[in-house]
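Numbering (our numbering), first residue to last: 73 to 239. Only one structure is covered here, and it is reproduced in the block below.
Encoded structure:
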């Protein structure tokens, strides 16, 4: 295996974990998802097209691993989730106020329905274009745009309400 593929995969780990945590809402589950996605990427590297960005390919693998896990959990019940406050280890902001605001924002994103939260994460946090997000999430570009609009509107409302401001 080329060393650059290994190195590129290692460089993606923080982004993969952030994405996995957003969809799984559990640090332990996120770690398991990232591990399984990396194993699949390494064992199926012959399926990767080097002309395609590695991150998109591995993010799609991670998403598919999550879908497989959700299907398994539908069969065996009793799988819980941890509160979004446990995401604090993912946040590396220096000031207390900024850390609090970012923690609250991340909490609001993880509390959103997956269809909205994933779009926010992929477009606003990871910086993918609408087209790239649509390909990654396997939905039309228009759906990405409408979900992002709804998510941003909901986030704005959720972040303003605690301040006692009404629109």
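From the three backbone atoms N, C-alpha and C, an ideal C-beta is built for every residue, glycine too.
Starting from residue i, trace the alpha helix (DSSP H) both ways and give me its first and last residue.
i: residue 107; result: 99 to 115
i: residue 186; result: 186 to 192
Ignore the nearest five residues each way along the sequence and tell me which others in residue i's own chain have a CB closer than 8 Å to its CB.
i: residue 206; result: 212, 213, 215 and 216
i: residue 130; result: 81, 84, 88, 109, 110 and 113
i: residue 191; result: 205, 209, 216, 219, 220 and 223
Spatial neighbours of residue i within its chain, please: CB distance less than 7 Å, with the 5 preceding and 5 following residues excluded, ordered by chain position.
i: residue 110; result: 81
i: residue 138; result: 95, 96 and 105
i: residue 186; result: 95
i: residue 204; result: 128
Does residue i get closer than 9 Å to chain B when you measure Cβ to Cβ?
i: residue 112; result: Reference to chain B is not applicable here, since this structure consists of a single protein chain.
Could you pull out every residue in the same chain whose Cβ sits closer than 6 Å to the Cβ of residue i, ignoring the five residues on either side in sequence?
i: residue 227; result: 180
i: residue 161; result: A caution first: residue 161 carries a pLDDT of 42, below 50, which makes its placement in the model too unreliable to give a value.
i: residue 200; result: 194
i: residue 127; result: 84
i: residue 133; result: 109, 112 and 113
Looking at the ligand COA, does it come within less than 8 Å of residue i, judged from the CB to the closest heavy atom?
i: residue 76; result: Judged by which ligands are present, the structure shown has none, so any question about the ligand COA falls away.
- Item | Completely contained alpha helix (DSSP H) runs for the segment 195 to 234, where each covers 4 or more residues | 202 to 209 and 213 to 232
- Message: Three or more C-beta pairs under 8 Å: does that hold for the segment 95 to 102 against the segment 120 to 133?
- Response: no
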